[in-house]
Amino acid sequence: MKKLSIFCCLLLMCLQVMAQEEFKLPAYEKFQLKNGLTVYLMEQHEVPLISVSVVTPAGAVRNGEQPGLADITADALRYGTENYTKAQLEEAIDFMGASLYTSAGKETAGLSATFAAKDSEKALELIKEVLVKPAFPEEEWEKAQTRLLAQLDQQKESPRAVIHDYYDSFVFDEHPYGNTDSGTKASVKNIEVEDIRSFYEENYHPAASAIAVVGDFKKAEMKKKLQKLFKDWKGKGKPESINIAEVPEPEKPRVLLVNKPDARETTFLIGGPGISRNNEDFVPAQVVNTILGGRFTSWLNDELRVNSGLTYGARSAFDAYKKDGKFVISTFTKNESTEEAIDLALKTYHRLHEQGIDAKTLESAKNYVKGQYPPRYETAGELASLLTSMYFYDFDESFINNFQEKVDALDVETANAVAKEYFPAENLQFVLIGKAEEIKDEVKKYGELTEKEISADGF
Amino acid sequence: MKRFLLAFLLCSSAAFGQTEVEDVKSFTLDNGMKVLVLEDHSIPNANMYLFWKVGSRNEYPGITGLSHFFEHMMFNGSEKYGPKMFDRTMEAAGGSNNAYTTENVTVYTDWFPSSSIETIFDLEADRIANLALDSAMVESERGVVLSERSTGLENSNYRFLNEQVKAVAFMAHPYRWPVIGYESDIKNWTKEDLQRYFETYYAPNNAVVVITGDVDYENVKKLAEEYFGPIPAQEPPREVHTVEPPQLGEKRLVVDKSVSTPNLMMAYHVPETGSEDYYALELMNAILSNGNSSRLYNSLVDQQQLATSVFSYVPESFDPNLLYIYAVAGKGVEETALEEAITAELEKIKTEGVSEKELEKVKNQKLMELYRTLETINGKANTLGTYELFFGDYKKMFTAPEQYQKVTAADIQRVANKYLKRENRTVGVLKDLPEEEETAQ
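If you read the protein sequences in the order shown, they are chains A and B. This note's numbering applies: residue 1 is where the first sequence begins, and numbers increase by one. This note's numbering applies: residue 1001 is where the second sequence begins, and numbers increase by one.
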């Protein structure tokens, strides 16, 4: 939960209708410790809670030849530390009613925690232990490894849970963005504690990391605490930077059909190249996507759900990474209507290129995007994670503060230019999980067909 | 805006939450609609949550799932705002919405920039007063709901097994069917069924409205009187009078599905929310499965490596319902081993009780949970409405910490012995049955 800037509060009092126009990121302080760790502090006093977010560039792109290693390492931070066993750590967190998670995604790894302000001493100590003094005990990895091997099979019982991994692997292929968050059984079986320890040592460095603390505290006191706590996080310089090349453009339309013999419905993605997080047209592209598949009345949902009853929901989204990204349309439908739904999704999508956007629809989407913006940064946790995103993706509060202005500035002509430039029209990539026997013949027509069994290891 | 709440003393210090009971204002319109308002100007947004006292417990065979289907139809056109216009108008005004249906209630949620509040009142009033059931929309919505049902079953083993377990655990009470309904009912109910449902349950005297966020109480009151005031009250719907008869012995079932390891669900009959054992049961539930240090997680997932995940859960409920324990077996683990291990943990609580430290831990967790819901205007609205409906008074949200504080270790042991009994439970297994077993059945 947040307060607005003082200026904004005053304005609210006199002119409530204008409030929406004045949404600004609350004031924060940013500084670096001697070891290079970047710190963000933002006071928020509405509830006596504190949230912490940490980001470090130790995501799946750095897996190398060991699928799953980044994810496992992030998880293993909580297997015990120099001063706490795993059980002691968990007991201490649970006793405060706090939460403390570590995880890795495609590009980054990180930590997020929330605790009562009165517990901040203890909670910060535990965060430091996990980040700076992980012990990676052998027996805990063995237990986690056994569980993970079972979970890699279990997660395939939900197409929705794995379809993006199939997509990334199929479309990005050998490119680092093709590294899925989940590992493969073949890889996980061979990962040893030493691999985890090396991955940690190579990729977790204060000089390449940021910590954001948001909530009910005094900045000056928190600054002192953090300086003291994290001064002995040494890390040898910055981690080796990895060269992430441009993602090659697809040269032809392709289809990956993953056979799930007991499927009652087909879950599918249709996509292509997207945009990077720092693309100057990031905001306009979001507005245009809102029209296509980013809200209930979007074209895709209107056609596939409301008009035809083919699905419970259809949407589209950009997944933006540091260097590049992906754009995907996603939905699902019963086996028998697979072809009908894909055809309708394509027809609806191409309206964007052929027919374009009109002024009334654009106006509505702009209002929607602006109106739904402030609640995205309402809690201390949301603000903390925004601050660490700013660090990793290299943007600042002007992104938030100018957001509404950028949305307002978008006119029909620009919106249509954005639609043409960033929404791939050709060589679309299709990933479907469904009952191959029933749908294979119909889906061949969308592109060069590759088939897989869902029971096969990996993606 | 910044005040400290009184009611709660954990050790001796903790002052929790800056929303006080006096900050919530309420009024009841002449037609019986109760409205709660909580001003919060931290973001320039507000919400409106409409809680209707109708859920799958109000259905009967032939119209199972109608409450949920009706929830969908409320977005499909009324007198002033025809088909599609509810969503189009709201989104063009910067708002968004959703809704959910449970065994007990149907809740509509609108989230909007506070400057659009009058549009929201107009939209809601129009559909509550003058819903127009369009035949074409009814038909396309059937497809949507069939897809919703199917995608739930496709992607969630929990949902798959839960549907089967409920059907066995209850023999009489309407909690025995799934909220989404049976496929044949979804395909066959009529427009007349919908019309009757609307007239019976969507009366202002059957609703509680909660509005929180950047609003002004007097303005909300004026708008409520103007827009909701003219909607006439109706005869209150008949009570659900079916009482589930006591279970006379353990019930068991096996469900066949292609899964890599068995899933296990154990369901024990427990009393309704608001019963005197509620707080003790909730704390026992937290001791069982809240966090990695909880008894079930620690024993089954960590120490014994029998499960990859486990949780337990008691739904909020007007009538006596179930406490669910759900676990997914690890590789090569039989569901019988999983069940024995869970039963052993339950027996431990029954015979040895829980420690003071454990009790203090879950009380802390409950308090933090409440706090976290108070972090957002939506959390505030949903929690206030939930307390108003299930505990009969939103003020009980503010005294919940005190109520938890009163629970003793002996209370936990007592409720464990009272409810976690073999003859009071249903055990469901979801597994990949070998073919001979399939034919044998």
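By construction, the Cβ of each residue, glycine as well, lies at the ideal position given by its N, Cα and C atoms. As the structure is a prediction and not an experimental result, all values here were calculated from the model.
{"Asked": "Starting from the Cα of A:V306, find the closest Cα among B:M1137, B:N1104, B:E1039, B:G1032 and give me that residue.", "Found": "B:M1137"}
{"Asked": "In three-state DSSP terms, what is A:E413?", "Found": "helix"}
{"Asked": "Along chain B, in chain order, which residues have C-beta atoms closer than 8 Å to that of A:T38?", "Found": "None at all; the shortest Cβ gap to chain B is about 25 Å."}
{"Asked": "Mind pulling the chain A residues with CB within less than 9 Å of B:S1096?", "Found": "R295, F296, Y368, G371, Q372"}
{"Asked": "Using only alpha-carbon positions, find the residue among A:V132, A:Q429, A:A220, A:F423 that is nearest to A:A317.", "Found": "A:F423"}
{"Asked": "In the DSSP assignment, what are the bridge partners of A:K334?", "Found": "A:E265"}
{"Asked": "Nearest to B:N1058 by CA position, among B:G1379, B:N1104, B:L1374, is which residue?", "Found": "B:N1104"}
{"Asked": "By DSSP, does B:Q1247 sit in helix, in strand, or in coil?", "Found": "coil"}
{"Asked": "CB B:T1447 to CB B:S1067, shorter than 8 Å?", "Found": "The requested residue 1447 of chain B does not occur in the structure, where chain B is confined to residues 1001 to 1441."}
{"Asked": "With distance defined between alpha-carbon atoms, name the residue in B:Y1081, B:P1061, B:Q1164 nearest to B:L1133.", "Found": "B:Y1081"}
{"Asked": "Along the chain, where does the alpha helix (DSSP H) containing B:N1424 start, and where does it finish?", "Found": "Note, B:N1424: premise wrong, no alpha helix (DSSP H); not H, not E."}
{"Asked": "Could you tell me if A:C14 is buried or exposed, where buried requires 16 or more neighbouring beta carbons within 10 angstroms of its beta carbon?", "Found": "With a pLDDT of 34 at A:C14, under the threshold of 50, the predicted position of this residue should be treated as unreliable, and no value is reported."}
{"Asked": "Shortest alpha-carbon distance to B:N1205 belongs to which of B:A1093, B:N1098, B:P1230?", "Found": "B:P1230"}
{"Asked": "Does the distance from the CB of A:A76 to the CB of A:I196 come in under 8 Å?", "Found": "yes"}
{"Asked": "What residues match up with B:L1038 in a beta bridge as DSSP calls it?", "Found": "B:V1024, B:T1212"}
{"Asked": "Return helix, strand or coil for A:V369, following the three-state DSSP convention.", "Found": "helix"}
{"Asked": "Would you call B:H1241 buried or exposed, if buried means 16 or more other Cβ atoms sit within 10 Å of its Cβ?", "Found": "exposed"}
{"Asked": "Hey, how far is the Cα of B:V1415 from the Cα of A:L383?", "Found": "41 Å"}
{"Asked": "I need the straight-line Cα distance from A:F217 to B:L1367, nearest angstrom please.", "Found": "19 Å"}
{"Asked": "Are there any heavy atoms of the ligand NAD lying less than 7 Å away from the beta-carbon of B:Y1326, as far as the coordinates show?", "Found": "The ligand NAD is not part of the structure shown, which contains no ligands of any sort."}
{"Asked": "Identify the continuous alpha helix (DSSP H) that holds A:R160 and give its terminal residues.", "Found": "159-171"}
{"Asked": "Could you tell me which chain C residues have their CB closer than 8 Å to the CB of A:T146, listed as they occur along the chain?", "Found": "Note that chain C does not occur in the displayed structure, where the protein chains are A and B."}
{"Asked": "Give, in chain order, every residue of the stretch 241-270 of chain A whose Cβ lies closer than 8 Å to some Cβ of chain B.", "Found": "P261, D262, A263, R264, E265, T267"}
{"Asked": "Between A:E107, A:T73, A:K370, A:E451, which has its C-alpha nearest A:N243's C-alpha?", "Found": "A:E107"}
{"Asked": "Looking at the secondary structure, which residues open and close the beta strand (DSSP E) in which B:Y1326 lies?", "Found": "1321-1329"}
{"Asked": "Using CA coordinates, which residue listed in A:H175, A:P206, A:L33, A:K223 is at the minimum distance from A:E246?", "Found": "A:H175"}
{"Asked": "Rounding to the nearest angstrom, what Cα-Cα distance links A:G371 and B:V1254 in this structure?", "Found": "49 Å"}
{"Asked": "Residues of chain A with CB under 9 Å from B:V1093, in chain order?", "Found": "Correcting the residue identity first, residue 1093 of chain B is Ala in this sequence and not Val. Going along chain A in sequence order, the residues near B:A1093 (Cβ under 9 Å) are S364, N367, Y368, G371."}
{"Asked": "Where does A:E21 sit, in a helix, a strand or coil, going by DSSP?", "Found": "In this predicted model, A:E21 has a pLDDT of only 49, less than 50, meaning its place in the structure is not dependable; the value taken from the coordinates is given anyway. Three-state DSSP puts A:E21 in a helix."}
{"Asked": "At what residues does the beta strand (DSSP E) containing B:H1444 begin and finish?", "Found": "With chain B covering 1001 to 1441 only, the question about residue 1444 of chain B has no answer from this structure."}
{"Asked": "Give a yes or no on whether 8 Å exceeds the smallest Cβ distance from B:E1148 to chain A.", "Found": "yes"}
{"Asked": "Counting only the same chain and skipping the five closest in sequence on each side, list residues whose C-beta sits under 7 Å from that of B:E1071.", "Found": "A1099, T1101, T1106"}
{"Asked": "Can you give me the C-alpha to C-alpha distance between A:K326 and B:G1077, rounded to a whole angstrom?", "Found": "36 Å"}
{"Asked": "Contact criterion: CB-CB distance below 8 Å. Does A:D94 meet it with respect to chain B?", "Found": "yes"}
{"Asked": "B:E1226 CB to nearest chain A CB: under 8 Å?", "Found": "no"}
{"Asked": "Any contact between the stretch 1114-1129 of chain B and the stretch 1041-1050 of chain B? By contact I mean 3 or more CB pairs, one from each, below 8 Å.", "Found": "yes"}
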